[in-house]
Amino acid sequence: GESVGLHLPTLSVQEGDNSIINCAYSNSASDYFIWYKQESGKGPQFIIDIRSNMDKRQGQRVTVLLNKTVKHLSLQIAATQPGDSAVYFCAVGANNLFFGTGTRLTVIP
Amino acid sequence: DGGITQSPKYLFRKEGQNVTLSCEQNLNHDAMYWYRQDPGQGLRLIYYSQIVNDFQKGDIAEGYSVSREKKESFPLTVTSAQKNPTAFYLCASRTDRARGTQYFGPGTRLTVL
Numbered sequence: 751g752e753s754v755g756l757h758l759p760t761l762s763v764q765e766g767d768n769s770i771i772n773c774a775y776s777n778s779a780s781d782y783f784i785w786y787k788q789e790s791g792k793g794p795q796f797i798i799d800i801r802s803n804m805d806k807r808q809g810q811r812v813t814v815l816l817n818k819t820v821k822h823l824s825l826q827i828a829a830t831q832p833g834d835s836a837v838y839f840c841a842v843g844a845n846n847l848f849f850g851t852g853t854r855l856t857v858i859p
Numbered sequence: 132d133g134g135i136t137q138s139p140k141y142l143f144r145k146e147g148q149n150v151t152l153s154c155e156q157n158l159n160h161d162a163m164y165w166y167r168q169d170p171g172q173g174l175r176l177i178y179y180s181q182i183v184n185d186f187q188k189g190d191i192a193e194g195y196s197v198s199r200e201k202k203e204s205f206p207l208t209v210t211s212a213q214k215n216p217t218a219f220y221l222c223a224s225r226t227d228r229a230r231g232t233q234y235f236g237p238g239t240r241l242t243v244l
């Protein structure tokens, strides 16, 4: 199986600063890593994913870093905006996915 | 307008009643999934289906049932055997049967009165 943990349940950042959200996983056979954003009362929204054959992938204002040696995944959000306030969680797996409990990001104007 | 739809958004059930949650997708995805979300916990897999007329139990299938008669549709029935059904239910789908990113619907909040 797989267990997925997030390092901080909450994170507060000033608007305009960069945010870093972390995730740890246990199964070295996992080869898909996904970050989701979930606003209150809504379904999770896909942000970015990365395969195990990569260690970095960039999107618009977001970067995912994968360190397979220590089984660690992070999401970096550049120039954090109030609209980024939400719960962020990672999903890890191969066939089926296993989900972390989430970090609640609060952006302070 | 492509995507995954779930209905209803809110559902109230009396104890002892069965209820069915709808999930429809027009993305032509092969695989579909049902998850349950409770406060402070990660998503937990109830059932999944990788192909029409076939489905498998997830980690918490007891008290739930599904069907997959059409590629587009994967309804979930919460039966009276489910002891603690109040939760937020999420449906997801993905293109590849075997692996990859899953995309979620907007969810159904079920409350047992």
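If you read the protein sequences in the order shown, they are chains A and B.
Residue 751 is where the first sequence starts when you use my numbering, and the numbers rise one by one after that.
Residue 132 is where the second sequence starts when you use my numbering, and the numbers rise one by one after that.
Glycine included, every Cβ here is placed at the ideal spot set by N, Cα and C.
For Ala836(A), the closest Cβ of chain B is not nearer than 8 Å. The continuous stretches of beta strand (DSSP E) do not include Gly793(A), and DSSP gives it neither H nor E.
Taking a 10 Å sphere around the C-beta of Gln788(A), we find 16 or more other C-beta atoms and assign the residue as buried. By the rule that beta-carbons nearer than 8 Å mark a contact, Asn845(A) touches chain B. Under the DSSP definition of a beta bridge, Leu176(B) partners with Tyr166(B).
Relative to the Cα of Thr239(B), the nearest Cα in the group Asp227(B), Arg225(B) and Pro216(B) belongs to Pro216(B).
Taking a cut-off of 8 Å for Cβ pairs, the region 134–153 of chain B and the region 818–833 of chain A do not touch, as fewer than three such pairs fall below it. Per DSSP, Phe219(B) is one residue of the beta strand (DSSP E) stretching across Ala218 to Arg225. Taking a contact as a CB-CB distance under 8 Å, the pair Tyr164(B) and Ala223(B) counts as one, their CB atoms being some 4 Å apart. At least one C-beta of chain B is nearer than 8 Å to the C-beta of Asp799(A). Contact check for Leu823(A) and Tyr775(A): beta-carbon distance about 7 Å, within the 8 Å limit, so the pair qualifies. Neighbours of Tyr782(A) in chain B, taken as residues at a C-beta separation under 8 Å, are given in chain order as Arg230, Gly231 and Thr232.
Close partners of Gln156(B) in chain A (Cβ separation under 9 Å) are lacking, with about 12 Å as the shortest Cβ gap.
Taken through DSSP and simplified to helix, strand or coil, Gly843(A) comes out as strand. Within chain B, no C-beta atom comes nearer than 8 Å to that of Lys806(A); the closest sits roughly 17 Å away. A Cβ of chain A is located within less than 8 Å of the beta carbon of Leu221(B). For Leu174(B), the chain A residues whose C-beta falls within less than 7 Å of its own C-beta are Phe849, listed in chain order.
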